[in-house]
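Chemist:
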Amino acid sequence: MAKKTTQGELVVARNRKARHDYLIEDTYEAGLALMGTEVKALRMGRASLTDGFAIFYGDELYLEGVHIPEYVQGTWTNHTPRRRRKLLLHRSELDKMAVKVQGSGRTIVPLSLYFKNGRAKVEIAVATGKREYDKRHALRERQDRRETDRAIFGRGRE
Numbered sequence: 010m011a012k013k014t015t016q017g018e019l020v021v022a023r024n025r026k027a028r029h030d031y032l033i034e035d036t037y038e039a040g041l042a043l044m045g046t047e048v049k050a051l052r053m054g055r056a057s058l059t060d061g062f063a064i065f066y067g068d069e070l071y072l073e074g075v076h077i078p079e080y081v082q083g084t085w086t087n088h089t090p091r092r093r094r095k096l097l098l099h100r101s102e103l104d105k106m107a108v109k110v111q112g113s114g115r116t117i118v119p120l121s122l123y124f125k126n127g128r129a130k131v132e133i134a135v136a137t138g139k140r141e142y143d144k145r146h147a148l149r150e151r152q153d154r155r156e157t158d159r160a161i162f163g164r165g166r167e
């Protein structure tokens with residue numbers, strides 16, 4: 010079963026790698042157009058966002074590369090695991106994202122997939138890819154911060 014947060018949201022999957030690989034600029038909450046067996050599979054806590062991205066087809070935004078495995082008790086009506094899923098957003102949000110992404114080296118990545126008031130939602134972000142040295146720099150900063158915290162609070166002494 011997926012984990013429940015304090016606000017009543019049922020978190021199904023998180024894309025932890027996205028915050029490491031991308032510099033997050035703006036985040037949006039979008040609904041998902043899903044089939045019944047996809048919803049049942051998500052309620053079981055089964056999904057993977059690691060290869061996911063969003064892309065515009067015409068003036069609509071679709072989520073691709075997200076793996077929702079087939080529902081175990083499903084029959085011949087089961088969904089395909091990596092199908093293209095439509096994201097449900099307001100037109101103004103779609104227009105803002107289209108302007109930001111168009112020809113600027115930015116992409117749209119999913120950060121988390123969850124249920125809110127019984128509806129499947131995905132948190133997406135407009136992001137810029139980090140270079141390898143940016144990733145190393147971020148890791149070095151995090152490690153330095155950990156070491157200073159240990160020194161300040163007296164942990165790690167022998």
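Take any residue in the sequence shown, note its place counting from 1, add 9, and you have its number in our numbering. Virtual Cβ for every residue (Gly too), placed ideally from N, Cα, C. Keep in mind it's a predicted model, so treat the numbers as computed, not measured.
So, H76 versus A56, is the Cβ gap smaller than 8 Å?
Modeler: Contact flag set, yes.
Chemist: Put S57 into one of helix, strand or coil per three-state DSSP.
Modeler: Here S57 sits in strand by DSSP.
Chemist: Is A134 buried or exposed, if buried means 16 or more other CB atoms sit within 10 Å of its CB?
Modeler: Counting Cβ neighbours within 10 Å, A134 comes out buried, since at least 16 surround it.
Chemist: Suppose contacts are defined by Cβ-Cβ distances below 8 Å. Is K95 in contact with E69 by that definition?
Modeler: It is a contact, given that the beta carbons lie within the stated cut-off.
Chemist: Would you report the Cα separation of L58 and S121, rounded to the nearest angstrom?
Modeler: If I take the Cα positions, the gap works out to 8 Å.
Chemist: Under three-state DSSP, which class holds I161?
Modeler: Correct three-state label for I161: helix.
Chemist: Just tell me which of V20, H88, A136 and D153 has its CA closest to the CA of L43.
Modeler: L43 has its Cα closest to that of H88, out of V20, H88, A136 and D153.
Chemist: G138 and Y31: beta carbons closer than 8 Å?
Modeler: In contact: G138 and Y31 (Cβ atoms closer than 8 Å).
Chemist: Within the same chain, show all residues whose beta-carbon is closer than 6 Å to that of G74, passing over the 5 residues directly before and after it, in chain order.
Modeler: Closer than 6 Å at Cβ, skipping near neighbours: D60, G61 and F62.
Chemist: For V118, I'd like the list of residues in its chain whose CB is within less than 8 Å of its CB, leaving aside the five on either flank, ordered along the chain.
Modeler: Excluding positions up to five away in sequence, the list reads N24, A27, Y31, G61, F62, A63, I133, A134 and A136.
Chemist: Around the Cβ of E141, are there at least 16 other Cβ atoms within 10 angstroms (buried) or fewer (exposed)?
Modeler: It is exposed - the Cβ of E141 has fewer than 16 other Cβ atoms within 10 Å.
Chemist: DSSP on G114, reduced to helix/strand/coil?
Modeler: Reduced to three states, the DSSP call for G114 is coil.
Chemist: What are the boundary residues of the alpha helix (DSSP H) that T86 is part of?
Modeler: Unbroken run through T86: none, as it is neither H nor E.
Chemist: How about Y80 and K49: are their beta carbons less than 8 Å apart?
Modeler: In contact: Y80 and K49 (Cβ atoms closer than 8 Å).
Chemist: Suppose the cutoff is 7 Å on Cβ atoms and the five residues either side in sequence are ignored; what does the same chain contact list for E144 look like?
Modeler: The question names Glu, but residue 144 is Lys in the sequence shown. Cβ within range, chain order: H29.
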